[in-house]
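Notes follow once the structure below has been shown.
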Amino acid sequence: MAEKHFKYVILGGGVAAGYAAREFHKLGVNPGELAIISKEAVAPYERPALSKGYLFPESPARLPGFYVCVGSGGEKLLPDWYKEKGIELILSTEIVKADLASKTLTSATGQTFKYDILIIATGSTVVRLTDFKVEGADAKNILYLREIDDADVLVEVIKAKKKGKAVVVGGGYIGLELSAALRLNNMDVTMVYPEPWCMPRLFSADIAAFYEGYYANKGVKIIKGTVAVGFTSNADGEVKEVKLKDGRVLEADIVVVGVGARPLTALFKGQVEEDKGGIKTDAFFKTSVPTVYAVGDVATFPMKMYGDIRRVEHVDHSRKSAEQAVKAIKANEEGKTIEDYDYLPFFYSRSFSLSWQFYGDNVGKTVLFGDNNPASPNCKFGSYWIHDGKVIGAFLEGGTPEENKAIAKVARVQPPVESSDQLAKEGLGFASKI
Numbered sequence: 012m013a014e015k016h017f018k019y020v021i022l023g024g025g026v027a028a029g030y031a032a033r034e035f036h037k038l039g040v041n042p043g044e045l046a047i048i049s050k051e052a053v054a055p056y057e058r059p060a061l062s063k064g065y066l067f068p069e070s071p072a073r074l075p076g077f078y079v080c081v082g083s084g085g086e087k088l089l090p091d092w093y094k095e096k097g098i099e100l101i102l103s104t105e106i107v108k109a110d111l112a113s114k115t116l117t118s119a120t121g122q123t124f125k126y127d128i129l130i131i132a133t134g135s136t137v138v139r140l141t142d143f144k145v146e147g148a149d150a151k152n153i154l155y156l157r158e159i160d161d162a163d164v165l166v167e168v169i170k171a172k173k174k175g176k177a178v179v180v181g182g183g184y185i186g187l188e189l190s191a192a193l194r195l196n197n198m199d200v201t202m203v204y205p206e207p208w209c210m211p212r213l214f215s216a217d218i219a220a221f222y223e224g225y226y227a228n229k230g231v232k233i234i235k236g237t238v239a240v241g242f243t244s245n246a247d248g249e250v251k252e253v254k255l256k257d258g259r260v261l262e263a264d265i266v267v268v269g270v271g272a273r274p275l276t277a278l279f280k281g282q283v284e285e286d287k288g289g290i291k292t293d294a295f296f297k298t299s300v301p302t303v304y305a306v307g308d309v310a311t312f313p314m315k316m317y318g319d320i321r322r323v324e325h326v327d328h329s330r331k332s333a334e335q336a337v338k339a340i341k342a343n344e345e346g347k348t349i350e351d352y353d354y355l356p357f358f359y360s361r362s363f364s365l366s367w368q369f370y371g372d373n374v375g376k377t378v379l380f381g382d383n384n385p386a387s388p389n390c391k392f393g394s395y396w397i398h399d400g401k402v403i404g405a406f407l408e409g410g411t412p413e414e415n416k417a418i419a420k421v422a423r424v425q426p427p428v429e430s431s432d433q434l435a436k437e438g439l440g441f442a443s444k445i
């Protein structure tokens with residue numbers, strides 16, 4: 012098998028890869044200089060669609076509808092786009108060895124790829140219950156969601172187990188979004204998670220109480236403070252029951268697990284500097300190896316606003332870090348400089364008819380405002396986080412685009428605040444004044 016050589020290689024075929032390719036094209040890349048190597052069989056797509064529109068019972072999202080870069084309002088990059096631009100899409104190719112010293116990548120089939128500059132955009136993989144040797148966790152219909160193939164399996168099982176019982180293990184992003192999707196498919200849904208409330212890494216108890224109440228009103232049962240410790244299966248090897256640590260046993264036709272993700276950095280162990288579970292980079296996403304960059308989920312980078320380093324798992328950062336790395340690569344070639352990456356943390360979710368956005372940092376005292384009654388016909392409420400006398404984080408459910416922009420500005424500007432009571436009274440009005 013002939014060795015292939017490229018000036019630039021993007022390893023990974025997720026969101027970051029697509030946005031990096033678009034940025035390379037924008038800044039100038041010659042045909043044949045750039046390759047994307049991905050173990051997935053499809054061109055880069057907007058991954059958030061998988062836990063939302065892809066699972067809708069009516070008018071579900073399907074490719075080519077959500078190829079990058081439609082998620083940020085950009086052009087849809089169909090597979091032909093890469094061909095037209097002379098960018099090589101090397102799909103269904105798993106890289107099993109990376110030698111950064113010799114700038115060589117080796118695939119599972121023994122194909123080798125040489126590069127001058129490498130962008131690591133390998134993303135994350137799901138944490139599986141089999142990793143913890145949970146009894147019976149290898150039964151059929153215990154499912155995970157990360158890639159389009161996983162979503163296709165989930166869609167088929169939902170059809171096969173029509174109106175059946177679904178148990179969702181985990182109360183984070185995936186747990187909440189998939190519980191809503193399964194309920195929309197008329198399944199009997201129970202969520203199980205060990206924490207005292209859902210989305211504990213982001214939500215305060217007050218915010219979580221709204222979503223738990225709303226989900227309960229939609230027919231989702233919630234069991235908190237315990238974990239799945241085992242599964243039983245039927246004669247066909249399909250999951251039948253979920254055994255909980257507190258002794259309860261739940262019937263299940265489908266189990267969907269969302270208990271976290273792990274950055275895919277194993278290929279580079281001992282070859283690059285690491286920190287906080289990721290590959291350490293500078294403000295331009297350059298690693299300790301000058302010809303290697305790391306973006307998206309795998310990068311631990313300087314968070315300029317807060318004077319620390321962090322690793323962020325979110326699509327917004329995947330897009331922006333990819334663009335920053337490519338700008339830095341091209342500027343370096345031209346002897347120019349660019350601004351440091353100055354990221355404002357941003358998270359969002361949509362489920363049922365709900366839609367929330369969060370900007371900034373969720374440390375300090377929380378101040379709730381608005382109507383957070385889950386039974387209200389038009390729920391709109393939010394929260395500010397106050398730290399050292401300044402508002403440093405803001406959350407809003409049911410906001411308009413203008414209102415969401417206003418809370419983003421608050422988190423960026425970090426205005427001082429004298430009275431939390433006054434802030435609660437002003438609510439969204441405070442953000443609108445900034």
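Residue numbers are given in the working numbering: position 239 of the sequence shown equals residue 250, and the series is strictly consecutive.
Every residue, glycine too, gets a C-beta built ideally from N, C-alpha and C.
Bridge partners - residue i, DSSP secondary structure assignment
i      : result
MET202 : VAL179, ILE233
TRP396 : THR377, GLY404
GLU262 : GLU252
ILE106 : SER118
LYS391 : ASP382
PRO313 : ILE320
Within 7 Å, strictly: CB atoms of residue i and residue j
i      : j      : result
ASP327 : PHE357 : yes
VAL309 : THR133 : yes
GLU137 : ALA27  : Note on identity: in this sequence residue 137 is Val, with Glu being the wrong assignment. Contact: no.
VAL337 : GLU34  : yes
LYS254 : GLY241 : yes
GLY29  : PRO71  : no
LEU126 : LYS114 : The sequence shown places Tyr at residue 126, not Leu. Yes, these two residues count as a Cβ contact at 7 Å.
SER49  : LEU102 : yes
PHE392 : GLY381 : yes
TYR204 : GLY230 : no
ILE47  : LEU88  : no
ASN152 : GLU249 : yes
LEU156 : LEU61  : yes
TYR225 : PRO412 : no
ALA32  : ILE98  : yes
ILE130 : TYR304 : yes
ALA442 : ILE403 : no
THR237 : ASP257 : yes
GLY24  : GLU57  : no
LEU45  : TYR19  : yes
LYS287 : THR311 : yes
ALA422 : TYR370 : yes
ILE397 : VAL428 : yes
VAL378 : TYR395 : yes
PHE363 : ALA191 : yes
GLY186 : MET202 : yes
Coarse secondary structure for residue i, derived from DSSP in three states
i      : result
GLU350 : coil
TRP2   : Outside the modelled stretch of the chain, which goes from 12 to 445, sits residue 2, for which no answer is possible.
PHE441 : helix
GLU446 : Missing from the structure shown is residue 446; the chain here goes from 12 to 445 and no further.
ILE403 : strand
SER362 : strand
ARG273 : strand
ILE98  : coil
LEU38  : helix
LEU154 : strand
LEU88  : coil
LEU355 : coil
ALA13  : coil
LYS331 : helix
VAL79  : coil
TYR7   : Past the edges of the chain, shown from 12 to 445, lies residue 7, and the structure says nothing about it.
PRO427 : strand
PRO412 : helix
SER246 : It should be pointed out that residue 246 corresponds to Ala in this sequence rather than to Ser. Coil at ALA246, not helix or strand.
VAL268 : strand
ASP163 : helix
VAL240 : strand
LYS170 : helix
LYS436 : helix
VAL283 : coil
Touching by the beta-carbon criterion (3+ pairs, under 8 Å), the region 277-297 and the region 149-169 | Judged by Cβ distances under 8 Å, the region 277-297 makes no contact with the region 149-169, as fewer than three pairs qualify.
Completely contained beta strand (DSSP E) runs for the region 108-148, where each covers 3 or more residues = Qualifying beta strand (DSSP E) stretches, in chain order: 115-118, 123-131, 135-137.
Below 8 Å, can you find three or more Cβ-Cβ pairs linking the region 313-321 to the region 61-77?
-> No contact exists between the region 313-321 and the region 61-77.
List in chain order: all unbroken beta strand (DSSP E) runs of 3+ residues lying wholly within the region 286-310.
-> Whole beta strand (DSSP E) segments, 3+ residues: 289-291, 303-305.
Contiguous alpha helix (DSSP H) assignments of at least 4 residues, all confined to the region 184-228 = Qualifying alpha helix (DSSP H) stretches, in chain order: 184-195, 216-228.
Spell out a yes or no on whether the region 272-289 and the region 211-226 are touching, meaning 3 or more CB-CB pairs, one atom from each, closer than 8 Å.
-> No contact exists between the region 272-289 and the region 211-226.
Quick one: any contact between the region 255-270 and the region 172-180, if contact means 3 or more CB pairs under 8 Å?
-> Enough Cβ pairs lie closer than 8 Å, so yes.
Can you check the region 23-67 for any beta strand (DSSP E) of at least 3 residues that lies completely inside it and give the ranges in chain order?
-> Taking only runs of at least 3 residues, the beta strand (DSSP E) segments lying wholly in the region 23-67 are 45-48.
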